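For the sequence shown, the positions run 1 to 650 when the UniProt record's numbering is used. This report concerns only the one structure given below.
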Amino acid sequence: MRGAFIFKGNAHHSWCISRGTPNALGWSTPPVRRRFFAKVRGGSGSQGGGHDGAHPGGAPNESASVAPHPGGASNEGTSSELLPGEASNERTGRTKIKDILRAQGTHSEGETCTICGWVKSVRTVGKNRFSFIDVNDGSHVKNLQVVVDAGIPNYGEVSRVLTDDAVECSGELKCSLGKKQRVELCVRDAARAHYVRLLGRGEGARSGGGSEGGSADGEGEKRDDGEGDRRDDGEGDRRDDGEGDRRGKHYAIAKKYHSKEHLRSFPHLRARTKLYSCVFRLKSDVVAETFKFWRERNCTYINTPVLTSNDCEGAGELFHATTLMSRRGSGGGGEANGSDGSGGASGIDQRDERPGEPVKGDPPFCRDFFKKPCYLNVSSQLALECLCCSMGDVFTLNQSFRAEQSNTVRHLSEFLMMEVELAFSNLTSIISLAEEYIKTMVKFALHQSEDVDYIHEHHDRTLKEKLQAVLQKPFAVVTYDEAMQIVKRHVGRVGVAVDPHVAARTDVSQRGGAPPPRADLTFEEQRFLTEVHFRSPVVVVNYPQEIKPFYMALNADGKTVACMDVLLPHVGEVVGGSEREIRIHTLERRMKEKRLDLRLYEPYLQLRRQGNVPHAGFGLGVDRLIMFLTSMSNIRDVVPFPRAPGSLFM
């Protein structure tokens with residue numbers, strides 16, 4: 001059995017290698033092979049045509065002088081074969097696919113490495129010849145192609161692997177002859193400890209023989225310029241035999257394509273699709289870049305608490321944390337009795353209470369864990385202000401919790417918040433810094449993220465254009481009154497939706513009057529300002545004091561506060577910040593107007609009496625920023641396990 005590889009390009013550097021013939025000797029000499037790999041690394045000429053099923057293999061057990069296998073999957077990198085007499089560059093331990101694909105030609109020829117990951121597709125060429133297995137370990141959006149020769153002992157088992165089976169592969173990195181990748185892992189020689197080991201198989205995997213099934217990465221999104229579910233055109237894995245994955249009903253994402261709505265029902269599985277793995281990887285990268293951004297500006301990270309005794313925003317939408325929980329006794333509906341006969345955990349009457357429900361009435365907090373009311377953190381601002389007044393510029397990344405009944409595509413009950421407090425700062429400074437941070441993250445996504453490249457290519461072809469537009473000009477800055485006047489002039493026209501809620505809120509469609517002073521901008525109005533009127537991100541400043549929290553500094557007019565909101569196209573509000581009120585009498589008066597218990601905020605008030613300094617800060621919703629960077633229209637698609645009213649998975 002013979003096969004031939006033809007390398008197109010300069011005729012002086014073209015070879016024809018025929019396995020099993022004397023011509024192969026010319027290829028096996030180190031100088032010839034060095035010239036070839038130098039040619040590939042240098043980028044001159046062509047890497048060669050793809051080989052649709054043609055493999056230059058001889059008998060199944062021949063592996064001593066096997067020429068490089070042809071390619072057919074999608075990955076990048078470059079490598080070469082181990083030269084006779086040269087020292088081996090075998091790696092120890094597992095190698096991440098991301099490291100292999102990003103090496104870009106730095107691999108030495110014949111380098112041996114081991115990878116672990118999940119099968120994304122299997123393609124078998126001929127009977128008992130060789131197989132292509134695309135493996136992904138989650139570190140990179142692209143797969144690494146593993147070429148498995150039939151000569152390995154367990155080839156029969158390996159050729160029957162299914163999508164998302166976990167495997168461990170050890171072999172040599174080779175320069176691929178396929179057009180879609182530059183490097184592949186060749187598993188061909190058991191004598192050199194090459195192997196493919198099956199680590200885990202789903203319960204839906206068949207045990208019988210026959211042709212193997214392959215499935216795509218569960219993508220089910222059709223392209224529609226970023227606003228709805230998109231189909232992954234061209235994605236998915238192909239099989240020579242045309243059969244699909246036979247996991248069937250046992251595997252929730254066994255089908256080739258799935259909508260985002262369907263995948264939201266399986267948050268524990270949806271990261272197996274390329275789209276969601278890209279989103280979650282990008283979020284991880286943005287967090288890392290966030291730490292880098294603030295470190296470069298000498299800002300100190302503070303680990304702020306999740307449990308707190310106060311309401312930072314003063315809105316009262318809090319999650320209560322308590323150990324005073326009822327427990328049903330064995331008698332069914334009677335008093336709960338502990339194992340020692342001393343009663344329930346709280347020692348109070350718990351009759352007719354269902355398990356897991358708080359005791360009704362005023363809880364006896366003297367018996368609670370902290371001896372006082374305790375809540376999940378709404379914002380880390382108050383804690384940061386304490387540190388800001390002694391350590392200067394500080395920031396945190398922390399989970400925030402709000403018990404709002406806002407079941408929308410932009411709200412969650414638990415979300416990731418970046419918060420910053422800057423000593424000796426003002427409103428102008430934080431506006432400039434917030435804009436700089438957002439543009440830095442956009443630049444990273446545009447120029448350094450393979451995940452954004454994938455999302456742009458397969459889910460929203462306008463994504464990079466949207467991101468680039470953010471960098472082209474400064475953010476527009478308008479006051480709240482100016483923004484409402486713009487909305488007043490255009491409501492009912494193109495760009496501003498008129499529904500009963502908007503019409504009633506602005507009262508413009510019926511009476512032509514200005515919006516009521518307590519009204520905030522609706523999402524439709526935010527989108528109109530950013531996408532239609534200014535065509536850029538917008539910073540709205542100087543809101544009425546009635547609709548903002550107590551800690552924002554009161555302006556000289558006595559009606560507005562020195563605050564700002566940053567609005568992004570398609571997403572709306574992403575950043576909220578302000579100068580902090582440092583006049584203690586004004587602060588106490590505003591807290592009383594909000595009906596807050598001053599005793600709970602005594603440590604905060606002490607900051608104004610002892611070593612007080614002008615300072616300002618802002619909070620940024622990381623999840624909403626990721627929505628913008630990935631063109632996802634629902635915030636539940638950028639959080640692995642979203643928490644929302646009536647939704648608590650795991």
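We put the CB at the ideal spot given by N, CA and C, even for glycine. Keep in mind it's a predicted model, so treat the numbers as computed, not measured.
Identify whether residue 465 lies in helix, strand or coil by the three-state DSSP scheme. In the structure shown, residue 465 sits in a helix (DSSP, three-state: H, G or I).
Cα separation between residue 686 and residue 365? For residue 686 there is no data in the structure shown, the boundaries of the chain being 1 and 650.
Are residue 378 and residue 400 close, meaning C-beta to C-beta below 8 Å? It is a contact, given that the beta carbons lie within the stated cut-off.
Of the residues 439, 164, 642, 178, which one's Cα is nearest the Cα of residue 200? Of the candidates 439, 164, 642, 178, the one whose C-alpha sits nearest the C-alpha of residue 200 is 164.
So if DSSP puts residue 485 in a beta bridge, which residue, or which two residues, is it bridged to? Per DSSP, residue 485 has no beta-bridge partner at all.
Within 10 angstroms of its Cβ, does residue 298 collect 16 or more other Cβ (buried), or is it exposed? By the 10 Å Cβ count, residue 298 comes out exposed.
Taking the alpha carbon of residue 443 as the reference point, which residue from 628, 609, 303 has its own alpha carbon closest? Relative to the Cα of residue 443, the nearest Cα in the group 628, 609, 303 belongs to 628.
Going by DSSP, which residues form a beta bridge with residue 130? Per DSSP, the beta bridge partners of residue 130 are 125, 149.
Give the C-beta separation of residue 457 and residue 317 to the nearest angstrom, bearing in mind that I take them to be a contact with Cβ-Cβ under 8 Å. Their Cβ separation, rounded to whole angstroms, is 40 Å, which puts residue 457 and residue 317 out of contact at 8 Å.
Residue span of the beta strand (DSSP E) that contains residue 617, given as start and end: That run of the beta strand (DSSP E) goes 615 to 621.
Which first and last residues belong to the beta strand (DSSP E) in which residue 578 is found? From DSSP, the beta strand (DSSP E) with residue 578 extends over 572 to 579.
Going by the beta-carbon positions, is the gap between residue 287 and residue 397 smaller than 8 Å? Taking C-beta atoms as the reference points, residue 287 and residue 397 count as a pair closer than 8 Å.
Examine the Cβ distances between the segment 473 to 481 and the segment 535 to 555 and report whether three or more of them are shorter than 8 Å. Yes, the segment 473 to 481 touches the segment 535 to 555.
Where does residue 552 land, buried or exposed, given buried means 16+ other C-beta within 10 angstroms? Buried is the call here.
Three-state secondary structure assigned by DSSP to residue 448: Assigned with DSSP and collapsed to three states, residue 448 falls in helix.
Assigned exposure category for residue 157 - 16 Cβ within 10 Å defines buried: So residue 157 ends up on the exposed side.
Measuring straight from C-alpha to C-alpha, what distance separates residue 526 and residue 615? Roughly 28 Å separates the two Cα atoms.
Could you spell out where the alpha helix (DSSP H) holding residue 397 opens and where it closes? No alpha helix (DSSP H) contains residue 397, which is instead part of the beta strand (DSSP E) from 394 to 401.
Of the choices 118, 139, 148, whose alpha-carbon is the least far from that of residue 125? Closest option to residue 125, Cα to Cα, is 148.
In the DSSP assignment, what residue or residues form a beta bridge with residue 415? According to DSSP, which records beta bridges pairwise, residue 415 is partnered with 400.
Can you give me the start and stop residues for the alpha helix (DSSP H) that residue 197 sits inside? No alpha helix (DSSP H) holds residue 197; the beta strand (DSSP E) holding it covers 195 to 200.
Along the beta strand (DSSP E) that carries residue 169, what are the first and last residues, could you check? Under the DSSP assignment, residue 169 falls in the beta strand (DSSP E) whose first and last residues are 166 to 175.
Can you have a look at residue 406 and say buried or exposed, based on whether 16 or more other CB atoms are within 10 angstroms of its CB? Classification for residue 406: exposed.
Beta-ladder partner(s) of residue 567, from DSSP: In the DSSP output, where bridge partners are listed per residue, residue 567 has 538, 573.
If you compare alpha carbons, which of 119, 176, 633 is closest to residue 408? Residue 408 has its Cα closest to that of 633, out of 119, 176, 633.
Exposure of residue 424, with buried meaning 16 or more beta-carbon neighbours within 10 Å: The residue in question, residue 424, is exposed, as its Cβ has fewer than 16 Cβ neighbours within 10 Å.
First and last residue of the uninterrupted beta strand (DSSP E) at residue 560: From DSSP, residue 560 is part of no beta strand (DSSP E); its letter is neither H nor E.
Hey, quick one: how far does the beta strand (DSSP E) through residue 478 stretch, first residue to last? Start and end: 476 to 479.
Answer with buried or exposed for residue 655, where buried requires no fewer than 16 other C-beta atoms within 10 angstroms of its C-beta. Residue 655 lies beyond the stretch modelled for the chain, which goes from 1 to 650, so this question has no answer here.
Buried or exposed for residue 155, please, with buried defined as at least 16 other CB atoms from any protein chain shown within 10 angstroms of its CB. Classification for residue 155: buried.
Determine the burial state of residue 141: buried for a count of at least 16 other Cβ atoms within 10 Å of its Cβ, exposed for fewer. For residue 141, the number of other beta carbons within 10 angstroms of its own is at least 16, and it is reported as buried.
Within 8 Å, strictly: CB atoms of residue 283 and residue 635: No, they are not a contact pair.
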